[in-house]
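Right, one structure below, let's go through it.
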Amino acid sequence: MFARPVRFQLGVLTAASLFSLGGTGAAAQPFDSATVTRIENQVSVGQGAKAAERPAAVSDVIKGEEYLRTLTEARAELKFSDHSIVRVGQNSVFTFDAGSRTLSLEKGTMLFYIPPGSGGGQIKTRAFTAAVTGTIGLVSENLIAVLRGTLHTQWGDVPKGWAVDSSGHIFQFDLDEVVKTSKLFNFGGPPPSFPLGSPLAPVDDEVAGVLAEFPGLPDLHFLDIQEATQINPRVRDFLNTPHEVEPVAPPTPTPTPTPTPKPVRSPGQGQVGRSTR
Amino acid sequence: MISCKVKSTFCATAALLASALLATAQSSDKNVVGNESSVRLSDSEREDMGDIRPAKPDSFLSHLRGSVQAREEFVTNAKLLGNHSSGDLLSFPTGEVGFNHALGHGLSIDTVVRAESAVYADHGNRSFWGFSGNTFLDWRPKPTCPRLFVGAEPYHYTSYDTGHRLSEAMVFSTGIDNGYVFNEHRTLLTVAYKFSDHFASPAQDDRYVNCATVSLTHQFRPALFGQLFYQFQYSDYINEPRRDSRHVVGGNVIYQFTAHLYGSFGADFIDNDSTQALATYQNFAAHAGLTLQF
Numbered sequence: 008m009f010a011r012p013v014r015f016q017l018g019v020l021t022a023a024s025l026f027s028l029g030g031t032g033a034a035a036q037p038f039d040s041a042t043v044t045r046i047e048n049q050v051s052v053g054q055g056a057k058a059a060e061r062p063a064a065v066s067d068v069i070k071g072e073e074y075l076r077t078l079t080e081a082r083a084e085l086k087f088s089d090h091s092i093v094r095v096g097q098n099s100v101f102t103f104d105a106g107s108r109t110l111s112l113e114k115g116t117m118l119f120y121i122p123p124g125s126g127g128g129q130i131k132t133r134a135f136t137a138a139v140t141g142t143i144g145l146v147s148e149n150l151i152a153v154l155r156g157t158l159h160t161q162w163g164d165v166p167k168g169w170a171v172d173s174s175g176h177i178f179q180f181d182l183d184e185v186v187k188t189s190k191l192f193n194f195g196g197p198p199p200s201f202p203l204g205s206p207l208a209p210v211d212d213e214v215a216g217v218l219a220e221f222p223g224l225p226d227l228h229f230l231d232i233q234e235a236t237q238i239n240p241r242v243r244d245f246l247n248t249p250h251e252v253e254p255v256a257p258p259t260p261t262p263t264p265t266p267t268p269k270p271v272r273s274p275g276q277g278q279v280g281r282s283t284r
Numbered sequence: 007m008i009s010c011k012v013k014s015t016f017c018a019t020a021a022l023l024a025s026a027l028l029a030t031a032q033s034s035d036k037n038v039v040g041n042e043s044s045v046r047l048s049d050s051e052r053e054d055m056g057d058i059r060p061a062k063p064d065s066f067l068s069h070l071r072g073s074v075q076a077r078e079e080f081v082t083n084a085k086l087l088g089n090h091s092s093g094d095l096l097s098f099p100t101g102e103v104g105f106n107h108a109l110g111h112g113l114s115i116d117t118v119v120r121a122e123s124a125v126y127a128d129h130g131n132r133s134f135w136g137f138s139g140n141t142f143l144d145w146r147p148k149p150t151c152p153r154l155f156v157g158a159e160p161y162h163y164t165s166y167d168t169g170h171r172l173s174e175a176m177v178f179s180t181g182i183d184n185g186y187v188f189n190e191h192r193t194l195l196t197v198a199y200k201f202s203d204h205f206a207s208p209a210q211d212d213r214y215v216n217c218a219t220v221s222l223t224h225q226f227r228p229a230l231f232g233q234l235f236y237q238f239q240y241s242d243y244i245n246e247p248r249r250d251s252r253h254v255v256g257g258n259v260i261y262q263f264t265a266h267l268y269g270s271f272g273a274d275f276i277d278n279d280s281t282q283a284l285a286t287y288q289n290f291a292a293h294a295g296l297t298l299q300f
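Written out as structure tokens, the structure reads:
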């Protein structure tokens, strides 16, 4: 599927095809507004003319018609009502459209997290547009790297650990290296997920990926090894130790009953071979 | 006798690993399309997005994982004898190395080798160290299907006090598990069943074990998880007139500090009923731990 490099195409998928790709059957909430949850250095919010910009602060609410701008070494995190998250990198301009659930990067970089089942959305840069369902990805003007889930583009699906550039080249990258070195990924900690296995472990499907990545079963290994080491030796010792024989009643002049031997286990008696059952 | 069993199982494990390695080698050169020139990022973009460049072919090391864990546990019944009469503090340092490789068609192989120890603060003569591990062949026909697995789980534990073997077994297991996500993908219900056949030394400990587990996990915050669980385990000892029914109920809270470090604390209650009177016990345990994954 990825073996064919595609010539440069400024591809834009139509809205119809995007929704056919991204639909999950869930009732999608529009991206009406987003709340600023984290800020680093100088971040501003504007609408229309640049002169109308104001400094952004944590807890500010940004509407769909506004944009968010960051300067050098500045970053911001936005949270939407459906728990989608966008982290905007330095020297960036970010906007979003409520109805079409489009996250647009005019310039710079961003990380997006769209929860599985939330209705998906679109990622748009100057160079291309792509559809997502439950996905985490990093975006620049000419590149989208998928950290979780699957990205749907006109050149084909891009799974986790793969990236697509504006030329349509789809290639695999070193996910661990990106997780370690990406400032946006680590801005305020890893993005929400069920990441307790390997932080971004193999994903086959959005939902199955969640399951695959979380150790849903409790770790009772420690309980098992306590039992294995504490109970069995003691029970084994008990079984291998001769029991005290109850004192035999003194003989009486009258007819003496023949004493019945009491079964006593001798050492090693319990160590028998595996019987056939 | 046990050594023969261990050898044969290790041979089987080695064969499985060899097939996984072969599959790794065969798939190592088909992933990379494009080249570095296709990644055009400015310095500031690279700083925020990370070092994105076409990956090198899969190597053996890329399938490895490891972790170290420190765990402290207070138990009300260190002797596992009767009811709550021997409180103690236990320390469990553990090191683990794992290998995972997808074989295609929904199959994957996973191997873990673990070195571990338990140190009892008051009942020092019960402290032990040892090794355990497992190799499982997993099969999930479709991403949404339950996982089926079959594998082997050897373990060997030795007493610090005497230097003698405390317990050793080769365990062959098979089972099925699945998870169901609901509540806006923030809650995970997991159900599992596993059947195990323990070939132990001495053979007195040979047993069949049926184990069913249900757990409910909820994501309270992006990095904060809570978990409740119940487990029923029925053990049928083959060479002894002993049958155990064990109920475990408990809960955990897990917090992920970073992508590689997480901590947990929790508690559980165990009620083990056995036809062998000395194996009947109740125990309450509270634990806290820290795990570093790499």
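Residue numbers (my numbering), protein chains in the order written: chain Y, 8 to 284; chain G, 7 to 300.
In this text, a Cβ means the ideal position worked out from N, Cα and C, and glycines have one as well.
Cβ-based neighbour list, residue i, same chain, cut-off 6 angstroms, excluding 5 preceding and 5 following
i, result
"Thr-281(G)", "Arg-248, Arg-249"
"Leu-70(G)", "Phe-105"
"Thr-157(Y)", "Asp-164, Pro-166"
"Ser-91(Y)", "Ile-121"
"Leu-296(G)", "Ala-76, Gly-269"
"Leu-145(Y)", "Leu-118, Ala-152"
"Ala-105(Y)", "Pro-37, Phe-38, Asp-39, Gly-71"
"Gly-72(G)", "Val-103, Phe-300"
"Ile-182(G)", "Pro-152, Leu-154, Tyr-199"
Close Cβ partners of residue i (< 7 angstroms) along its chain, the five nearest in sequence each way excluded
i, result
"Ala-206(G)", "Glu-174, Ala-175, Asp-212"
"Tyr-126(G)", "Ala-84, Asp-94, Leu-96, Arg-132, Ser-133"
"Val-100(Y)", "Tyr-74, Arg-76, Glu-113, Lys-114, Gly-115"
"Thr-286(G)", "Asn-278, Asp-279, Ser-280"
"Arg-284(Y)", "Residue placement at Arg-284(Y) is flagged as unreliable, the pLDDT there being 45, under the threshold of 50; the coordinate-derived value follows with that caveat. So no residue of the chain qualifies."
"Leu-86(G)", "Tyr-287, Asn-289"
8 angstroms CB neighbourhood of residue i in its chain, flanking five on each side removed
i, result
"Gln-49(Y)", "Pro-62, Thr-77, Leu-78, Ala-81"
"Gly-40(G)", "Note that Gly-40(G) scores a pLDDT of 42, beneath 50, so its modelled location is shaky; the value from the coordinates is reported in the next line. Contacts found: Pro-60."
"Asp-144(G)", "Leu-113, Ser-114, Ile-115, Asp-116, Arg-153, Leu-154, Phe-155"
"Ala-283(G)", "none"
Delimiting residues of the beta strand (DSSP E) encompassing residue i
i, result
"Ser-48(G)", "No beta strand (DSSP E) holds Ser-48(G); DSSP gives it neither H nor E."
"Gly-136(G)", "134-145"
"Tyr-199(G)", "193-207"
"Asn-106(G)", "94-110"
"Ser-114(G)", "113-126"
"Glu-148(Y)", "It is not in any beta strand (DSSP E) - Glu-148(Y) carries neither H nor E in the DSSP assignment."
"Val-50(Y)", "50-54"
"Tyr-166(G)", "Looking at the DSSP string, Tyr-166(G) is not in any beta strand (DSSP E), and its letter there is neither H nor E."
"Trp-169(Y)", "169-172"
"Lys-148(G)", "Note, Lys-148(G): premise wrong, no beta strand (DSSP E); not H, not E."
"Phe-300(G)", "Premise fails: Phe-300(G) is in no beta strand (DSSP E) and is neither H nor E."
"Gly-220(G)", "The question names Gly, yet the displayed sequence has Val at residue 220(G). Run containing Val-220(G): 213-227, per the beta strand (DSSP E) assignment."
"Gly-232(G)", "230-243"
"Thr-288(Y)", "Residue 288(Y) lies beyond the range of chain Y shown here (8 to 284); nothing can be said about it."
"Glu-79(G)", "70-81"
"Phe-87(Y)", "82-87"
"Arg-76(Y)", "74-77"
"Phe-178(Y)", "177-179"
Best match in the options for proximity to residue i [C-alpha to C-alpha]
i, options, result
"Gly-56(G)", "Ser-125(Y), Leu-224(Y), Ile-121(Y), Ile-151(Y)", "Ile-151(Y)"
"Lys-3(G)", "Asn-131(G), Val-118(G), Val-177(G), Asn-184(G)", "Residue 3(G) cannot be examined here, being either before or after the span of chain G that is shown, 7 to 300."
"Tyr-261(G)", "Ala-294(G), Gln-288(G), Asp-203(G), Asp-277(G)", "Ala-294(G)"
"Arg-46(G)", "Leu-118(Y), Val-43(Y), Ala-170(Y), Lys-70(Y)", "Ala-170(Y)"
"Glu-79(G)", "Leu-96(G), Glu-102(G), His-204(G), Val-255(G)", "Leu-96(G)"
"Tyr-163(G)", "Phe-229(Y), Ala-105(Y), Thr-142(Y), Thr-188(Y)", "Phe-229(Y)"
"Asn-245(G)", "Val-187(G), His-204(G), Cys-151(G)", "His-204(G)"
"Glu-148(Y)", "Phe-87(Y), Ala-134(Y), Thr-42(Y), Thr-140(Y)", "Ala-134(Y)"
"Arg-192(G)", "Leu-86(G), Trp-135(G), Phe-231(G), Val-220(G)", "Phe-231(G)"
"Cys-217(G)", "Tyr-199(G), Gln-225(G), Ala-265(G), Leu-234(G)", "Tyr-199(G)"
"Arg-334(G)", "Val-259(G), Pro-208(G), Leu-86(G)", "In the structure as shown, chain G begins at 7 and stops at 300. Residue 334(G) is therefore absent and cannot be evaluated."
"Ala-265(G)", "Phe-87(Y), Ala-59(Y), Phe-194(Y), Glu-234(Y)", "Phe-194(Y)"
"Leu-227(Y)", "Thr-219(G), Tyr-240(G), Arg-227(G)", "Thr-219(G)"
"Lys-86(Y)", "Val-187(G), Ser-68(G), Pro-228(G), Tyr-240(G)", "Pro-228(G)"
"Ile-143(Y)", "Pro-225(Y), Glu-234(Y), Asp-231(Y), Leu-191(Y)", "Leu-191(Y)"
CB-CB length for residue i against residue j, believed under 8 angstroms
i, j, result
"Asp-94(G)", "Val-81(G)", "6 angstroms"
"Gln-288(G)", "His-90(G)", "6 angstroms"
"Gly-140(G)", "Ala-158(G)", "For the sequence presented, residue 140(G) should be read as Asn rather than Gly. Rounded, the Cβ-Cβ distance is 7 angstroms, consistent with contact."
"Glu-84(Y)", "Arg-108(Y)", "With a Cβ gap of about 18 angstroms, Glu-84(Y) and Arg-108(Y) do not count as contacting."
"Phe-238(G)", "His-224(G)", "Actually they do not touch by this definition, with Cβ atoms about 22 angstroms apart."
Extent of the continuous alpha helix (DSSP H) run through residue i
i, result
"Thr-264(G)", "Looking at the DSSP string, Thr-264(G) is not in any alpha helix (DSSP H), and its letter there is neither H nor E."
"Lys-187(Y)", "182-188"
Interface partners of residue i on chain C, CB under 8 angstroms
i, result
"Tyr-166(G)", "Reference to chain C is not applicable here, since the protein chains of this structure are Y and G."
Runs of 3 residues minimum, wholly inside the segment 97-158 of chain Y: which ones carry the beta strand (DSSP E) assignment? Correct list: 100-104, 109-114, 116-121, 128-132, 136-139, 142-147, 150-155.
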